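**Q**
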Amino acid sequence: MKKHNVIVIGSGRLGANIATSMSEKGENVIIIDADHDSFRKLNDSFSGYQIVGDATDTAILENASIKETKMVVITTDNDNTNIFIAHLCFYLYDVPMIIVRLTDNDKGVLLENTTIKPIYPFKLSIKAFIELTEGMLS
Amino acid sequence: MRIVIAGGKHQADFLIKMFKAEKHQLTVINKDEQFSDYISTENDIPVFQSDPSKAYALSDADIDGSDIVIALSDKDTENYVICKLAKKLFHVKKCVCIVSNPKNVHIFKTLGIDSVISSTYLLGQTVKTEINIERWFKTLSIEDDKIVMTEIEVEKDFAIVNKKLMDIKFPKNINISCVFRDPDVIIPNGQTLIKSEDKLILISKPQEQDEIINFIRKKK
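Chains as they are written, first to last, in the numbering used here: chain H, 47 to 184; chain X, 11 to 230.
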């Protein structure tokens, strides 16, 4: 099997878009989702692999060559699932780059002492709000 | 002890009753409104209806410094996060959780959860032990499980073979009541020599049974 560089977990809007743009840039992408229908969100230009399965199961991750991957992006719609998979990637598989989307900022504490990088949509929205309103409010 | 029961239905109900009978101090956190109502009408204990995998819910329930958190949700990853948050933010001494995927028993432990229970895994272990037991020992419980009688066959590579009872450093509370050496039945004393293929009848408390069996079965 060809060496895969990037694994995206969760084919929601964010996951599918990240997978598509990485694929367009020439990366070898594997996308995993428990629901086959979710892959409809992938653009036609996506040329990577799709795996239907539960990524909290180590067999699925290993099937996606997690041990050789350089980056995992975790974007399922469940924070608990995301944290657990991120911990698997970090503690069990030593994945060099792990990015995880978290809706609940409070759960960020569980990423302390790891190299896991969080994306918080809430913080991004607040930041955007402040930037948009800069100078308008006294 | 201060025990927190997070999530779960029947198991939670059962454990709450059991721990209450043992006079432990309980806190219940459960997402389900109906179940939370049921628990608070049935028991005089604090019940918090919220998602225990959220830090604020654990904080509201004031679980800081609790002795044990037991996570019983049917989602493995939810239990994982409950345990992790309880340890990280609330200094809980011990975390126990159930998992539905038996593979997670090992993984959760590797990731730092103190105790992980899977009914499928336990079932497998029990069957395995039953099969082993068949081979080398029989147990009989007396007085409602307060005493157990164990029969162990001595194999030739055991460390106790060819030693006198008085020379063997037994763990505390061991009582070898009888030695079968076909066709004889020997009531042992300090001078009795243990031989290969002897059958030992031991009397012990159930909680000491494992220790005693491990001791007898120690190899040379």
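Glycine included, C-beta positions come from ideal geometry on N, C-alpha and C. Remember, predicted model here, so these are calculated numbers, not experimental data.
Based on DSSP bridge pairs, tell me the residues matched to X/Cys105.
**A** Sequence index remark: in the second sequence, residue 105 of chain X carries index 95 (1-based). In the DSSP output, where bridge partners are listed per residue, X/Cys105 has X/Val79.
**Q** So, helix, strand or coil for H/Ile144, using DSSP?
**A** Your numbering for residue 144 of chain H matches position 98 in the first sequence. In this structure, H/Ile144 counts as strand in the three-state DSSP scheme.
**Q** Can you name the residues that DSSP bridges to H/Lys163?
**A** Counting from 1 along the first sequence, the entry for residue 163 of chain H is found at position 117. DSSP, once it has assigned bridges, lists H/Ile145 as partnering H/Lys163.
**Q** Could one say the Cβ of X/Ala96 lies closer than 7 angstroms to chain H's Cβ atoms, at least one of them?
**A** The residue given as residue 96 of chain X occupies position 86 in the second sequence. It does not; no Cβ of chain H falls within 7 angstroms.
**Q** X/Tyr66 lies in the alpha helix (DSSP H); which residues open and close that run?
**A** Translated into the one-based positions of the second sequence, residue 66 of chain X becomes position 56. Looking at the DSSP string, the run of the alpha helix (DSSP H) that includes X/Tyr66 is 65-70.
**Q** Closer than 7 angstroms, CB to CB, is X/Tyr90 near chain H or not?
**A** Position 80 of the second sequence, counted from the start, is the residue given in the question as residue 90 of chain X. For X/Tyr90, the answer is yes, since a Cβ of chain H falls inside 7 angstroms of its Cβ.
**Q** Pick out the complete alpha helix (DSSP H) segments inside the region 66-148 of chain H, 4 residues or longer, and give them in chain order.
**A** Listed in chain order, they are 104-109, 125-133.
**Q** Am I right that X/Asp86 and X/Asn114 are in contact with their C-beta atoms under 8 angstroms? What's the rounded C-beta distance?
**A** Position 76 of the second sequence, counted from the start, is the residue given in the question as residue 86 of chain X. Position 104 of the second sequence, counted from the start, is the residue given in the question as residue 114 of chain X. Contact holds; Cβ gap of about 5 angstroms.
**Q** So what does DSSP say about X/Arg145, is it helix, strand or coil?
**A** The count along the second sequence starts at 1 and reaches residue 145 of chain X at position 135. Reliability of the predicted coordinates at X/Arg145 is poor, the pLDDT of 48 falling under 50, and the value obtained from them is presented with this limitation in mind. Helix at X/Arg145.
**Q** Going straight from the alpha carbon of X/Leu95 to that of X/Thr202, what length do you get?
**A** Walking along the second sequence from the start, residue 95 of chain X turns up at place 85. Walking along the second sequence from the start, residue 202 of chain X turns up at place 192. Approximately 57 angstroms between the Cα atoms of the pair.
**Q** Taking Cβ-Cβ distances shorter than 9 angstroms, what residues in chain H pair up with X/Thr120?
**A** Position 110 of the second sequence holds residue 120 of chain X. By Cβ distance, chain H contributes Tyr137, Leu138.
**Q** Let me check understanding here. Comparing Cα to Cα, which of H/Glu70, H/Ile120, H/Gly181, H/Gly94 lies closest to H/Gly58?
**A** Taking the first sequence and counting its residues from 1, one reaches residue 58 of chain H at position 12. The option with the nearest alpha carbon to H/Gly58 is H/Ile120.
**Q** Within 7 angstroms (strictly less), CB to CB, does X/Thr87 reach chain H?
**A** Mapped onto the second sequence, residue 87 of chain X falls at position 77. Judged by the 7 angstroms Cβ criterion, X/Thr87 is in contact with chain H.
**Q** Given a cut-off of 7 angstroms, decide if H/Phe85 and H/Ser34 are closer than it, judged by their beta-carbon atoms.
**A** Any question about residue 34 of chain H goes unanswered here, given that chain H covers just 47 to 184.
**Q** Just to confirm, is the Cβ distance from H/Val141 to H/Val118 under 7 angstroms?
**A** Residue mapping note: residue 141 of chain H aligns to position 95 of the first sequence, counting from 1. Residue mapping note: residue 118 of chain H aligns to position 72 of the first sequence, counting from 1. Going by C-beta atoms, H/Val141 is nearer than 7 angstroms to H/Val118.
**Q** Measuring alpha carbon to alpha carbon, tell me which residue in X/Phe58, X/Ser214, X/Met176, X/Val189 is nearest X/Lys156.
**A** Looking up residue 156 of chain X in the second sequence gives position 146. For the residues X/Phe58, X/Ser214, X/Met176, X/Val189, the minimum Cα distance to X/Lys156 belongs to X/Ser214.
**Q** Does any residue of chain X have a CB that is nearer than 7 angstroms to the CB of H/Phe85?
**A** As a working note, residue 85 of chain H is residue 39 in the first sequence. Cβ-Cβ to chain X under 7 angstroms: no for H/Phe85.
**Q** Using 7 angstroms as the threshold, is the C-beta distance between H/Leu148 and H/Pro164 below it?
**A** In the first sequence, counting from the first residue as 1, residue 148 of chain H sits at position 102. In the first sequence, counting from the first residue as 1, residue 164 of chain H sits at position 118. In contact: H/Leu148 and H/Pro164 (Cβ atoms closer than 7 angstroms).
**Q** Any contact between the region 21-33 of chain X and the region 53-60 of chain X? By contact I mean 3 or more CB pairs, one from each, below 8 angstroms.
**A** Touching, yes, given that three or more Cβ pairs across the two stretches are closer than 8 angstroms.
**Q** Does X/Val65 have its Cβ less than 7 angstroms from a Cβ in chain H?
**A** In the second sequence, residue 65 of chain X corresponds to position 55, counting from 1. A small correction: the amino acid at residue 65 of chain X is Ala; Val does not occupy that position in the sequence shown. Yes, X/Ala65 lies at the interface with chain H (some Cβ there is under 7 angstroms from its Cβ).
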